[in-house]
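Asks: Per the working numbering, the sequence shown starts with residue 76, numbered consecutively.
Backbone N, C-alpha and C fix where the C-beta goes; we use that ideal spot for every residue, glycine too.
The structure displayed is predicted, hence computed values, not measured ones.
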Amino acid sequence: MRRLDARILHKTAKKKLAGYLEWYLFELTPDAGIDQFAFFEICDSYSQELSDFASELLESPLRVSRLLEDGPIAFMNMLEIRPPFDRKGVGIRATKAVADHLQDDVGLHSAFMIPVPLQYRSAEGVQQLAHVDDAAFRRDRERLTKYYRAALPLREVRRGRGVWFWKIAN
76 MRRLDARILH
86 KTAKKKLAGY
96 LEWYLFELTP
106 DAGIDQFAFF
116 EICDSYSQEL
126 SDFASELLES
136 PLRVSRLLED
146 GPIAFMNMLE
156 IRPPFDRKGV
166 GIRATKAVAD
176 HLQDDVGLHS
186 AFMIPVPLQY
196 RSAEGVQQLA
206 HVDDAAFRRD
216 RERLTKYYRA
226 ALPLREVRRG
236 RGVWFWKIAN
């Protein structure tokens with residue numbers, strides 16, 4: 076697993092810092108014998124966000140071993156766009172650019188995300204935020220998910236659970 080951190084520079088704004096992103100790339104080969112539980116253990120040993128993602132895959136119809144037969148998979152953990160660049164499509168363009176680059180560079184096949192507005196993230200993971208207004212969180216998460224779904228061919232991993240994936244390669 077590789078963690079990919081990058082700064083997003085806005086070209087037309089004299090290369091000003093527009094945001095940050097963080098992805099995890101899983102370049103596991105099918106012959107490594109990685110099943111759902113082994114994948115969960117790898118993710119769980121690294122971070123709460125990866126653990127949350129992998130736990131959803133444990134009970135999903137998607138099989139990690141099957142996905143890996145087609146190529147590497149990735150998890151988009153964080154995308155932060157600074158306020159001057161918010162709502163201008165910078166985040167979607169950056170997401171697509173990273174996915175396209177990873178497809179060309181390592182043959183990325185599928186990517187996953189759990190859309191969570193940044194104001195609801197913490198070091199302990201999204202689900203550990205006891206002080207969150209549930210209605211506001213659902214509203215903000217639905218708005219962010221709708222934004223991503225309009226720009227990417229997303230499919231939900233498990234209905235109503237908030238984990239999404241898309242195939243990069245055709």
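Please list the terminal residues of the continuous alpha helix (DSSP H) segment that includes residue 240.
Replies: Against the sequence shown, residue 240 aligns to sequence position 165. Residue 240 -> not in any alpha helix (DSSP H); beta strand (DSSP E) instead, spanning 239 to 242.
Asks: Just curious, the alpha helix (DSSP H) that residue 86 is in, first and last residue?
Replies: Here residue 86 refers to the residue found at position 11 when the sequence shown is read from its first residue. Unbroken run through residue 86: none, as it is neither H nor E.
Asks: Should residue 76 and residue 114 be called a contact, given that it needs their Cβ atoms to be closer than 7 Å?
Replies: Along the sequence shown, read from residue 1 onward, the residue named residue 76 stands at position 1. Along the sequence shown, read from residue 1 onward, the residue named residue 114 stands at position 39. Not closer than 7 Å, so no.
Asks: Counting only the same chain and skipping the five closest in sequence on each side, list residues whose C-beta sits under 6 Å from that of residue 153.
Replies: Taking the first residue of the sequence shown as position 1, residue 153 is located at position 78. Same-chain partners within the cutoff: 97.
Asks: Could you pull the start and end residues of the alpha helix (DSSP H) that residue 160 belongs to?
Replies: Residue mapping note: residue 160 aligns to position 85 of the sequence shown, counting from 1. Counting along the chain, residue 160 falls outside any alpha helix (DSSP H), and DSSP gives it neither H nor E.
Asks: Per the contact definition of three or more C-beta pairs closer than 8 Å, is the stretch 207 to 216 in contact with the stretch 170 to 183?
Replies: These segments do not touch.
Asks: Alpha carbon to alpha carbon, what distance is there between residue 224 and residue 192?
Replies: Translated into positions along the sequence shown, residue 192 becomes position 117. Translated into positions along the sequence shown, residue 224 becomes position 149. Their Cα atoms are separated by approximately 15 Å.
Asks: Out of 99, 163, 140 and 139, which one is the CA nearest neighbour of residue 87?
Replies: Counted from its first residue, the sequence shown places residue 87 at position 12. The shortest Cα separation from residue 87 among 99, 163, 140 and 139 belongs to 163.
Asks: Could you tell me which of 194, 242 and 151 sits nearest to residue 209, measuring between CA atoms?
Replies: By one-based count along the sequence shown, residue 209 stands at place 134. Nearest C-alpha to residue 209: 194.
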